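Student: One structure, as structure tokens, below. Some questions next.
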Amino acid sequence: MSLADIPLGSLERALLDSLQRLDPQASPAVLAGAALCSEALARGDVCLPLRAWAGSQPWSGSALRLPELAQWRTQLNESALVGAPGAFAPLILDGERLYLARYHAYEVRLAQRLLALAGQRPAVDEQRLADSLQRLFAFNQQSPDWQRLAAAQAVRRQLAVISGGPGTGKTTTVVRLLAALLEQGRPLAIGLAAPTGKAAARMAEAIRNAKAALPVSEEIKAALPETARTLHRLLGASGDSPQVRHDAAQPLPLDVLVVDEASMIDLALMAKLVEALPPGARLILLGDKDQLSAVEAGAVFAELCEGRGFDAGSVAELQRITGQRVPVQAPSSRLGDAVVLLSHSHRFAGDSGIGELARRINAGEARGTLALLAEDRPDLAWNAHPAQNGLLERLDSGYAGFLAAARGGEPAQAFAAFNSFRVLTAQREGGWGVAGINEAFEARIRRRFSLGNARWYPGRAVMVRQNDYALGLFNGDIGICLNSEHGLRVFFESEDGYRPFVPARLPSHDSAFAMTVHKSQGSEFEEVLLVLPEQPSPLLTRSLLYTGVTRAKRRVELWSLAPRLQEAVSTRAERAAGLAERLAIAAPDQGDPPGPAEANAAGQFQLF
């Protein structure tokens, strides 16, 4: 079995070179496992599930076949490059999962810290809490009122995980639970954060708007935060280094940390975030467990939500404090009642086509999804026979208002018009991907306005691809090119209005008339045009379709062949990881946390 003819990427080749220098006698089965671990990270998996790969030919065009499971595990156990959990080795074999050492350390440490948080019970004045919840959530008529229950748990626990789809009131819940927490009488340093600048800005704006109507004192309102930061800025990340300024030795100066859009957080970032919390601090995670997971490795938020439930003791406590009848459901996760699911959508009414479409997608109802799209619903449309020319004409009409507003030169009007319509795609490349659609549509714009080959023009929309801490621009930020008194400038939204930049100063960026569903997370648009590829793709999953559909507030239009829609609804995205198992009630003792040596064992390979 030889690795010489395997079509590996440069990162995998560098890894294997490093491993072979450490152990020139390493068997091809061990080296192949290491290469597959690296490739797995690129797909979003945290580890390599040996059972799924044993006995297979993992690389097309190569005759290499992996050993059967028992033989493969034996070779891994006998290798100097592979260690058991807690050992100092580049690779860690944990049961039937093979990890690169750093990611094993991330997963183990995160599980331990979350379980420690979930086990803490801060002192609470329950009568005062009951009074606060009754007043703050009096407007809700649902039974049970899951917003009130989520708030009760967040005040009574160090860890709260609150999941809900669009319009279920996550922001309403969090601003009111923070008010209830402050009404306990202790001054608190509260931080707000989100994975992206756009999500952080939306969170801060929503809380500023929501707190004005709170039935609380002006003192409590003044204590509620009004600004939010990206997680990278909060932790003090620098460039491409995996190190951050705030960690266990230098924790964040916070008593409470609220993180929105937590489904976008990968394993490495979540582990660093939890480790940076000071002793006694509360962590409140908000997200949607059904959305796409992080671009990087891990589906942490979805794993945290597995096994949620309320046992009889928790039900009795909640009923005493909130007056709400809660169904008993024995949890299978040791996080247990720290997780609350908000289920009532205030945005999508009972007759909402978008809401019903999202429900059928999540339920995996492929036939039901197609049947609903075939109905005459005012907020749904389906083009089952998409054509490229027709798509460009549709973009013409969808962006007509925006291009007119952009030529007026007012940033506020241009951004409002741009957010009224957006094209989302499943992939970056190809005629039905971001690159092909943007290129074709911009060529059309240049012809219409006689722009020649001009790269910059009024109305060009761009998305930043690379963080630039000096400029305060971050991956995912949207800018619009407009005329100004100083010539063409690219404007970006900020807390203080709109910031103009000379186009030549921008970090790496792409045009943004079409964007991937992944990049749209944390954003909302009045109308969404969701385009799926003509050919089958591993990117077409239930979570991608659900995420794209639920970016629309008023109307969603799908351009897709019926088979692609069926494939997307029927395909549940799964990532190989062990966090949920580590949090399970039946999970074995995790032992001591990995030390610095174990945590950094893989660092010498320049992988992280």
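First residue of the sequence shown? That's 1 in UniProt numbering, and the numbers climb one at a time after it. C-beta atoms are modelled at their ideal positions from N, C-alpha and C, and glycine is treated no differently. Predicted, not measured: the structure shown is a model, and the values here were computed from it.
Going by other Cβ atoms of all chains shown within 10 Å of its Cβ, with 16 needed for buried, is ASP125 buried or exposed?
Tutor: In the sequence shown, residue 125 corresponds to position 125, counting from 1. Flag for ASP125 reads exposed.
Student: Determine, using beta-carbon pairs with one atom in the segment 461-471 and one in the segment 508-519, whether at least three such pairs fall under 8 Å.
Tutor: A contact exists between the segment 461-471 and the segment 508-519.
Student: Using the rule of at least 16 other Cβ atoms within 10 Å of the residue's Cβ for burial, across every protein chain shown, is GLU598 buried or exposed?
Tutor: Working through the sequence shown from its first residue, we reach residue 598 at position 598. In this prediction, GLU598 has a pLDDT of 45, which is less than 50 and means its spatial position is unreliable; nothing more can be read from the coordinates.
Student: If you draw a straight line from the alpha carbon of TYR99 to that of PHE441, how long is it in whole angstroms?
Tutor: The residue given as residue 99 occupies position 99 in the sequence shown. The residue given as residue 441 occupies position 441 in the sequence shown. Cα-Cα distance, rounded: 44 Å.
Student: Return the Cβ separation of GLY19 and LEU81 in integer angstroms, given the expectation that the two are a contact with Cβ distance under 8 Å.
Tutor: Taking the first residue of the sequence shown as 1, we reach residue 19 at position 19. Taking the first residue of the sequence shown as 1, we reach residue 81 at position 81. According to the sequence shown, residue 19 is Leu rather than Gly. With 8 Å as the limit, LEU19 and LEU81 qualify as a contact, their Cβ atoms being about 6 Å apart.
Student: Since ILE361 contacts VAL549 with CB under 8 Å, what's their CB separation in whole angstroms?
Tutor: The residue you call residue 361 lines up with position 361 of the sequence shown. The residue you call residue 549 lines up with position 549 of the sequence shown. Confirmed, Cβ separation roughly 7 Å.
Student: State the Cα-Cα distance for the pair TRP59 and LEU482, rounded to the nearest angstrom.
Tutor: In the sequence shown, the residue the question calls residue 59 occupies position 59. In the sequence shown, the residue the question calls residue 482 occupies position 482. TRP59 and LEU482: Cα-Cα distance of roughly 48 Å.
Student: Distance check for ALA414 and residue 616, CA to CA, integer angstroms please.
Tutor: Summary: the structure shown does not reach residue 616, with the chain confined to residues 1 through 608, and so no result is reported for it.
Student: Please look up how many angstroms separate the CB atoms of LEU117 and LEU283, rounded, as I've assumed it's under 8 Å.
Tutor: Residue 117 sits at position 117 when you count from the first residue of the sequence shown. Residue 283 sits at position 283 when you count from the first residue of the sequence shown. Right, their Cβ atoms sit about 6 Å apart.
Student: Leaving aside the five residues before and after PRO386 along the sequence, list all residues of the same chain whose C-beta is less than 6 Å from its C-beta, in chain order.
Tutor: For the purposes of this step, residue 386 is identified with residue 386 of the sequence shown, where counting begins at 1. Cβ within range, chain order: TRP559.
Student: What's the call for GLU567, buried or exposed, on a 16-neighbour Cβ count within 10 Å?
Tutor: Start at 1 with the first residue of the sequence shown, and residue 567 comes out as number 567. Flag for GLU567 reads buried.
Student: Can you check whether the CB of ARG377 is closer than 7 Å to the CB of VAL528?
Tutor: For this step, residue 528 is matched to residue 528 along the sequence shown. For this step, residue 377 is matched to residue 377 along the sequence shown. Contact flag unset, no.
Student: DSSP three-state label for ARG407, please.
Tutor: Sequence index remark: in the sequence shown, residue 407 carries index 407 (1-based). Reduced to three states, the DSSP call for ARG407 is helix.
Student: Where MET203 and ALA193 are concerned, what is the direct C-alpha to C-alpha distance, given to the nearest angstrom?
Tutor: Translated into the one-based positions of the sequence shown, residue 203 becomes position 203. Translated into the one-based positions of the sequence shown, residue 193 becomes position 193. Roughly 8 Å separates the two Cα atoms.
Student: Give the C-beta separation of ALA426 and PRO533 to the nearest angstrom, bearing in mind that I take them to be a contact with Cβ-Cβ under 8 Å.
Tutor: As a first step, residue 426 must be located in the sequence shown, where it is residue number 426. As a first step, residue 533 must be located in the sequence shown, where it is residue number 533. With a Cβ gap of about 6 Å, ALA426 and PRO533 count as contacting.
Student: Entirely within the segment 404-478 and at least 3 residues each: give me those beta strand (DSSP E) ranges in chain order.
Tutor: DSSP runs (the beta strand (DSSP E)) wholly in the segment 404-478: 421-425, 461-464.
Student: Find the nearest neighbour of residue 609 within the set GLU410, ASN383, ILE437, ARG407, judged by alpha-carbon distance.
Tutor: This structure gives no information on residue 609, because the portion of the chain shown stretches from 1 to 608.
Student: In angstroms, rounded to a whole number, what distance separates the CA positions of GLU96 and ARG489?
Tutor: On the sequence shown, residue 96 is found 96 positions in, with the first residue counted as 1. On the sequence shown, residue 489 is found 489 positions in, with the first residue counted as 1. Approximately 55 Å between the Cα atoms of the pair.
Student: Are ALA29 and PRO90 close, meaning C-beta to C-beta below 7 Å?
Tutor: The sequence position of residue 29 within the sequence shown is 29, counting from 1. The sequence position of residue 90 within the sequence shown is 90, counting from 1. Cβ atoms of ALA29 and PRO90: not closer than 7 Å.
Student: Do LEU357 and LEU372 come within 7 Å of each other at the CB atom, strictly closer than that value?
Tutor: Taking the first residue of the sequence shown as position 1, residue 372 is located at position 372. Taking the first residue of the sequence shown as position 1, residue 357 is located at position 357. Against a cut-off of 7 Å, the Cβ pair of LEU357 and LEU372 comes out as a contact.
Student: Three Cβ pairs or more, each shorter than 8 Å: is that satisfied between the segment 263-278 and the segment 297-304?
Tutor: Segments in contact, yes.
Student: Could you tell me which whole alpha helix (DSSP H) segments of length 4 or greater appear in the segment 346-392?
Tutor: If we require 4 residues or more, the alpha helix (DSSP H) runs fully inside the segment 346-392 come out as 353-362, 366-374.
Student: According to DSSP, GLU78 sits in a beta bridge with which residue or residues?
Tutor: If you number the sequence shown from 1, residue 78 lands on position 78. Paired residue(s): none; GLU78 is not in a bridge.
Student: Taking the alpha carbon of residue 619 as the reference point, which residue from GLY280, LEU115, GLY61, VAL46 has its own alpha carbon closest?
Tutor: Since the first residue of the chain shown is 1 and the last is 608, residue 619 is not available in this structure.
Student: Can you tell me where the alpha helix (DSSP H) holding THR516 begins and where it ends?
Tutor: Counting from one through the sequence shown, the residue named residue 516 turns up at place 516. Taken as a continuous stretch (DSSP letters only), THR516 belongs to no alpha helix (DSSP H), being part of the beta strand (DSSP E) at 514-516.
Student: Which residue's Cα is closest to the Cα of LEU370: ALA32, ALA123, GLU557, THR322?
Tutor: The residue you call residue 370 lines up with position 370 of the sequence shown. The residue with the shortest Cα to Cα distance from LEU370 is GLU557.
Student: Using DSSP with H/G/I as helix, E/B as strand and the rest coil, what is VAL256?
Tutor: Numbered from 1 along the sequence shown, position 256 holds the residue referred to as residue 256. VAL256 falls in the strand class under three-state DSSP.
Student: How many angstroms separate the CA atom of ARG446 from the CA atom of ILE6?
Tutor: Taking the sequence shown and counting its residues from 1, one reaches residue 446 at position 446. Taking the sequence shown and counting its residues from 1, one reaches residue 6 at position 6. Taking the straight line joining both Cα atoms gives about 45 Å.
Student: Which word fits THR516, buried or exposed, when buried means at least 16 other C-beta atoms lie within 10 angstroms of its C-beta?
Tutor: In the sequence shown, counting from the first residue as 1, residue 516 sits at position 516. Classification for THR516: buried.
Student: Return the chain-ordered list of same chain residues with a C-beta closer than 6 Å to the C-beta of GLY191, the five sequence neighbours on each side being excluded.
Tutor: By 1-based counting over the sequence shown, the position of residue 191 is 191. Answer for GLY191: LEU254, LEU257, listed in chain order.
Student: State the CB to CB distance for the pair PRO49 and ALA576, rounded to an integer number of angstroms; the pair is presumed to be in contact (CB under 8 Å).
Tutor: Within the sequence shown, the letter at position 49 stands for residue 49. Within the sequence shown, the letter at position 576 stands for residue 576. Between ALA576 and PRO49 the Cβ distance is about 5 Å, and since that is below 8 Å, they are a contact.
Student: On the DSSP letters alone, give me the boundaries of the beta strand (DSSP E) that TRP559 sits inside.
Tutor: By 1-based counting over the sequence shown, the position of residue 559 is 559. Run containing TRP559: 552-559, per the beta strand (DSSP E) assignment.
Student: Name the DSSP bridge partner or partners of GLY481?
Tutor: Taking the sequence shown and counting its residues from 1, the one referred to as residue 481 is at position 481. One point to set straight first is that residue 481 is Cys, not Gly, in the sequence displayed. CYS481 is bridged to VAL490.
Student: Is the beta carbon of GLY122 less than 7 Å from the beta carbon of VAL326?
Tutor: Mapped onto the sequence shown, residue 122 falls at position 122. Mapped onto the sequence shown, residue 326 falls at position 326. The sequence given here places Pro at residue 122; Gly does not occur at that position. Cβ atoms of PRO122 and VAL326: not closer than 7 Å.
Student: What residue ranges within the UniProt domain "RecBCD enzyme subunit RecD N-terminal" (9-99) form continuous beta strand (DSSP E) runs of no fewer than 3 residues, ordered along the chain?
Tutor: Whole beta strand (DSSP E) segments, 3+ residues: 91-94.
Student: For PRO500, which residues does DSSP report across the bridge?
Tutor: Walking along the sequence shown from the start, residue 500 turns up at place 500. DSSP output for PRO500 lists PHE491 as bridge partner(s).
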